[in-house]
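S.K.:
Residue numbers (the working numbering): 531 to 1026.
1) Keeping to the same chain, check which residues put their C-beta closer than 7 Å to that of residue 640; ignore five residues upstream and five downstream.
2) Residues in its own chain within less than 7 Å of residue 718 by CB, not counting five upstream and five downstream?
3) Who are the Cβ neighbours of residue 867 in its own chain at under 6 Å, not counting the five residues just before and after it?
4) With three or more beta-carbon pairs closer than 8 Å as the criterion, would you say the segment 640 to 649 touches the segment 561 to 578?
5) Among the candidates 760, 679 and 705, whose CA atom is the shortest distance from the CA of residue 591?
6) Are the CB atoms of residue 686 and residue 552 within a distance shorter than 8 Å?
7) Quick check on residue 702: does DSSP put it in helix, strand or coil?
8) Is it right to say residue 1026 is buried, meaning 16 or more other beta carbons lie within 10 angstroms of its own, or is it exposed?
9) When you compare each of 594, 894 and 619 to residue 608 by their alpha carbons, which one comes out closest?
10) Given this structure, state the Cα-to-Cα distance separating residue 583 from residue 768, to the nearest angstrom.
11) Pick helix, strand or coil for residue 697, following the three-state DSSP scheme.
12) Report the residue from 928, 904, 842 and 888 whose alpha carbon sits nearest the alpha carbon of residue 765.
13) Using CA coordinates, which residue listed in 849, 884, 859 and 895 is at the minimum distance from residue 821?
14) Can you give the beta carbon distance from residue 873 to residue 863, rounded, assuming they're within the 8 Å contact cut?
15) Ignoring anything shorter than 4 residues, give me the alpha helix (DSSP H) runs that lie fully in the segment 820 to 874, in order along the chain.
16) Let me confirm a value: residue 667 is counted as buried when at least 16 other C-beta atoms fall within 10 Å, else exposed. Which label applies?
17) Within 10 angstroms of its Cβ, does residue 633 collect 16 or more other Cβ (buried), or is it exposed?
18) Taking the straight line between their C-alpha atoms, what separation do you get for residue 949 and residue 938?
19) Quick one: grab the DSSP three-state call for residue 568.
20) State the Cα-Cα distance for the pair residue 941 and residue 697, rounded to the nearest angstrom.
21) I want to know whether the segment 678 to 695 touches the segment 731 to 738 - three or more CB-CB distances under 8 Å.
22) In whole angstroms, what is the alpha-carbon distance linking residue 928 and residue 906?
23) Taking all protein chains shown into account, decide if residue 837 is buried (16 or more other Cβ within 10 angstroms of its Cβ) or exposed.
24) So which of 951, 902, 913 and 825 has the shortest CA-CA distance to residue 889?
25) Just the C-alpha distance for residue 1005 and residue 830, rounded to the nearest angstrom, thanks.
26) Using alpha carbons as the reference points, say which of 910, 708, 728 and 953 lies closest to residue 672.
27) Thinking C-alpha only, which one of 710, 898 and 748 is nearest residue 599?
28) Does the beta-carbon of residue 954 have 16 or more other beta-carbons within 10 angstroms, so that it is buried, or is it exposed?
29) Can you tell me the Cβ-Cβ gap for residue 664 and residue 722, rounded? I've got them flagged as a contact below 8 Å.
30) Helix, strand or coil: which one does DSSP assign to residue 590?
31) Along the alpha helix (DSSP H) that carries residue 714, what are the first and last residues, could you check?
32) Taking only the alpha-carbon atoms, compute the straight-line gap between residue 991 and residue 558 and give it to the nearest angstrom.
33) Could you give the distance in angstroms between the alpha-carbon of residue 908 and the alpha-carbon of residue 975?
34) With DSSP as the reference, label residue 750 as helix, strand or coil.
35) State buried or exposed for residue 786, treating a residue as buried only when at least 16 other CB atoms are found within 10 Å of its CB.
36) Going by DSSP in three states, residue 778 sits in which element: helix, strand or coil?
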């Protein structure tokens, strides 16, 4: 138990140490890029990034999630092979499709400037799929530092290329567009070199094509259920980019994408680190009938990290983005206000959604993501048909928030946690947020000065961190206390 807890803490620290740096670089680049490129330019870039974000993680057919599960390391190696083969097949087929129908796809998305970039996006998709496969292998080997280095290489390359080309060729669209190609390859190349150096001989000795075929059949539930579920989830998350492009001008796509990007950077730093460490340790916890306590401990930590800060940001979002990015991005803050509840709940639920994989309940995940997809699709289409971009984003954010809350509730329940504890933790965090909400709301109501509102928000963040920094950083100790004292372990979670 203590060993698992220490591994969790070390894993988060290792990933955060590199990821914080890379995300800070990316975050620092946004205010500069927002003044060098127009919202329309960001709209075209967002459409390319959307395609890569949707297709890259599922190019593996989701076999990479199975790499963590076998007890036998040789089986994990051969599942890694299955994932890499699936990625290559997917990328070749997508490249051909983009080459043949690229102009039609770009026109449909409302951005003809996108067409020349589509055939080459299959290279990015391949790099993302290979990186994802190797990342799960590194998670299994507890080599979280390698994941951290790869993410630094990825984000660092993206910001460096975009800023460098923007300085040399101000306003040229290709300055934005080339970045993802270089960045995704650098992330894959870095983790590939690390894997070959650390594990190359034993990977080569364990490779067995026949065994890989057997394992592909054994874990067929991943492409059967997890693949469509993940594809639906990815696309539903990126759906505003696509449908805003279909119904509205590229500038609205750019405004939404930047709002999402600004908020996603800090959330991805912490949430992504926890998610990567959670899956292998949740598998161990499940085998020792401790999944309920482990999941509740992480859930409580995620609540504390997100509820108060995200509510404050939602209230002051228009002024905050106008201050950071420039006055032309004020409406991006209006978008951010509507999507903050969704982002907050997705941040909380995403790491523990690996419970679906641990308990092999991929069918549950497919049902949830199908409902989310349909709900969000109708939300955006209604706003698009009515010609109201703000209504479209508002309905999208509200439906996403409702879905993620319901999924979070279900994940806690199937983990074996008593639901009274779920409601207790949620209620306590909302009560803790009340003083902060009151102060920032009053500041916004009483001042028209953007700088005063942002200064108040910053001061409240300092107070929040000062009052909570010990608890926020002591994830290992909190998890240990939960394991030892939680009364949740009265029933064992069952596989579906």
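We treat Cβ as the ideally placed atom computed from N, Cα and C, and that holds for glycine.
M.R.: According to the structure shown:
1) As a working mapping, residue 640 is identified with position 110 in the chain shown. Cβ within range, chain order: 775, 776 and 780.
2) On the chain shown, position 188 is the one that residue 718 refers to. Same-chain partners within the cutoff: 657, 660 and 661.
3) Within the chain shown, numbered from 1, the residue matching residue 867 stands at position 337. Answer for residue 867: 844 and 847, listed in chain order.
4) Enough Cβ pairs lie closer than 8 Å, so yes.
5) The residue given as residue 591 occupies position 61 in the chain shown. Checked all of 760, 679 and 705; the closest Cα to residue 591 is 760.
6) In the chain shown, residue 552 corresponds to position 22, counting from 1. In the chain shown, residue 686 corresponds to position 156, counting from 1. Taking 8 Å as the cut-off, the beta carbon of residue 552 is found closer than this to the beta carbon of residue 686.
7) As a first step, residue 702 must be located in the chain shown, where it is residue number 172. DSSP places residue 702 in coil when its eight states are reduced to three.
8) On the chain shown, position 496 is the one that residue 1026 refers to. In this prediction, residue 1026 has a pLDDT of 48, which is less than 50 and means its spatial position is unreliable; what the coordinates show is noted afterwards. Burial call: exposed.
9) Position 78 of the chain shown, counted from the first residue, corresponds to residue 608. Considering only alpha carbons, the answer is 594.
10) For the purposes of this step, residue 583 is identified with residue 53 of the chain shown, where counting begins at 1. For the purposes of this step, residue 768 is identified with residue 238 of the chain shown, where counting begins at 1. Their backbone Cα atoms lie some 8 Å apart in a straight line.
11) For the purposes of this step, residue 697 is taken as residue 167 along the chain shown, with counting starting at 1. Residue 697: helix per DSSP, three-state reduction.
12) The residue given as residue 765 occupies position 235 in the chain shown. The residue with the shortest Cα to Cα distance from residue 765 is 904.
13) Translated into the one-based positions of the chain shown, residue 821 becomes position 291. The shortest C-alpha to C-alpha distance from residue 821 to any of 849, 884, 859 and 895 is the one to 884.
14) Along the chain shown, one-based indexing puts residue 873 at 343. Along the chain shown, one-based indexing puts residue 863 at 333. Contact doesn't hold; Cβ gap of about 14 Å is too wide.
15) Fully enclosed alpha helix (DSSP H) runs of 4 or longer: 821 to 855.
16) Numbered from 1 along the chain shown, position 137 holds the residue referred to as residue 667. A residue is called buried when at least 16 other Cβ atoms come within 10 angstroms of its Cβ; residue 667 meets this threshold and is buried.
17) For the purposes of this step, residue 633 is identified with residue 103 of the chain shown, where counting begins at 1. By the neighbour-count rule (16 or more Cβ atoms within 10 Å), residue 633 is not buried but exposed.
18) Along the chain shown, read from residue 1 onward, the residue named residue 949 stands at position 419. Along the chain shown, read from residue 1 onward, the residue named residue 938 stands at position 408. When the Cα atoms are used, residue 949 and residue 938 turn out to be separated by approximately 11 Å.
19) Counting from one through the chain shown, the residue named residue 568 turns up at place 38. The answer is coil: DSSP assigns residue 568 none of H, G, I, E or B.
20) In the chain shown, residue 941 corresponds to position 411, counting from 1. In the chain shown, residue 697 corresponds to position 167, counting from 1. Going by the C-alpha atoms only, they are around 47 Å apart.
21) As far as the Cβ criterion goes, the segment 678 to 695 does not touch the segment 731 to 738, which means the pair count is below three.
22) For this step, residue 928 is matched to residue 398 along the chain shown. For this step, residue 906 is matched to residue 376 along the chain shown. If you take the alpha carbons of residue 928 and residue 906, they lie about 9 Å apart.
23) In the chain shown, counting from the first residue as 1, residue 837 sits at position 307. That one is buried.
24) If you number the chain shown from 1, residue 889 lands on position 359. Among 951, 902, 913 and 825, the Cα nearest to that of residue 889 is on 825.
25) Residue 1005 sits at position 475 when you count from the first residue of the chain shown. Residue 830 sits at position 300 when you count from the first residue of the chain shown. Model confidence at residue 1005 stands at a pLDDT of 45, short of 50, so the residue's coordinates are unreliable; what they give is reported in the following sentence. Rounded to the nearest angstrom, the two C-alpha atoms are 10 Å apart.
26) Start at 1 with the first residue of the chain shown, and residue 672 comes out as number 142. Checked all of 910, 708, 728 and 953; the closest Cα to residue 672 is 728.
27) Against the chain shown, residue 599 aligns to sequence position 69. The option with the nearest alpha carbon to residue 599 is 748.
28) Counted from its first residue, the chain shown places residue 954 at position 424. Answer is exposed; the Cβ neighbour count stays below 16.
29) By 1-based counting over the chain shown, the position of residue 664 is 134. By 1-based counting over the chain shown, the position of residue 722 is 192. Yes, residue 664 and residue 722 are in contact; Cβ-Cβ is about 6 Å, under 8 Å.
30) Position 60 of the chain shown, counting from 1, holds the residue named residue 590. DSSP, read as helix, strand or coil, puts residue 590 in coil.
31) In the chain shown, the residue the question calls residue 714 occupies position 184. Element bounds for residue 714: 709 to 736.
32) As a working note, residue 991 is residue 461 in the chain shown. As a working note, residue 558 is residue 28 in the chain shown. One C-alpha to the other measures close to 19 Å.
33) Taking the first residue of the chain shown as 1, we reach residue 908 at position 378. Taking the first residue of the chain shown as 1, we reach residue 975 at position 445. Taking the straight line joining both Cα atoms gives about 34 Å.
34) Within the chain shown, numbered from 1, the residue matching residue 750 stands at position 220. Looking at residue 750 - three-state DSSP - the assignment turns out to be coil, as it is neither helix nor strand.
35) The residue you call residue 786 lines up with position 256 of the chain shown. Per the 10 Å Cβ criterion, buried.
36) The residue labelled residue 778 in the question sits at position 248 within the chain shown. Looking at residue 778 - three-state DSSP - the assignment turns out to be coil, as it is neither helix nor strand.
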